[in-house]
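Each remark here refers to the structure printed beneath this line.
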Amino acid sequence: MALAIVMIGIEFLLPIAVAAAPAELINLPRKDYWLGPERRKETFRFLRARLEWFACGVLFVLLDATSQAINANLPDNGPFRAKGMLYVLLEFLLVTAAGTVQLLRHFAGAPPRDRPAAK
Numbered sequence: 008m009a010l011a012i013v014m015i016g017i018e019f020l021l022p023i024a025v026a027a028a029p030a031e032l033i034n035l036p037r038k039d040y041w042l043g044p045e046r047r048k049e050t051f052r053f054l055r056a057r058l059e060w061f062a063c064g065v066l067f068v069l070l071d072a073t074s075q076a077i078n079a080n081l082p083d084n085g086p087f088r089a090k091g092m093l094y095v096l097l098e099f100l101l102v103t104a105a106g107t108v109q110l111l112r113h114f115a116g117a118p119p120r121d122r123p124a125a126k
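The sequence shown lines up with residues 8 to 126 when you count with the working numbering.
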């Protein structure tokens, strides 16, 4: 349970730490565009929302695994349900992959840089 509390703290405070970090430490495509003064707040709002949902997914996996481990050690309960845990992990991986695609699509949407005119 302490691990879950620590994970909640880390995962929900991470977006705040990222928003406070200097732009040089943030790895985004076209960060000059996304972290410009007119888009910075919206960019971090978008990232924070996605990171919070990811944190919820991690917390769900941890709590499900803990619940199954406790139930497996109680009398009159069956063994640890590995198949159930596998389903939870597969769902988590699918949701994580979908979230990654969503992030890539969002941040690939910056307009192209102005190119200097050819001489």
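Beta carbons: idealized from backbone N, C-alpha and C, even for Gly.
Hey, out of VAL13, VAL95, TRP41, LEU101, whose CA is closest to ASP71's CA? VAL95
In the DSSP assignment, the alpha helix (DSSP H) including ILE77 goes from what residue to what residue? 47-80
From the DSSP output, in three-state form, read off LEU93 for me. helix
Pop quiz: ILE15 and LEU66 are said to be a contact at Cβ under 8 Å. What is the actual Cβ separation, rounded to whole angstroms? 6 Å
Specify the secondary structure class of LEU42 as computed by DSSP and reduced to three states. coil
Closer than 8 Å is the cut-off here; do at least three beta carbon pairs connect the stretch 78-86 with the stretch 48-66? no
For GLY3, the three-state DSSP class (helix, strand or coil): Beyond the ends of the chain as shown, which are 8 and 126, falls residue 3; an answer cannot be given.
From ALA76 to TYR40, what distance separates their C-alpha atoms? Between ALA76 and TYR40, the C-alpha separation is close to 47 Å.
Count Cβ pairs between the stretch 96-109 and the stretch 41-52 that sit closer than 8 Å; are there 3 or more? A contact is defined here as three or more CB-CB pairs under 8 Å, and the stretch 96-109 fails this definition with respect to the stretch 41-52.
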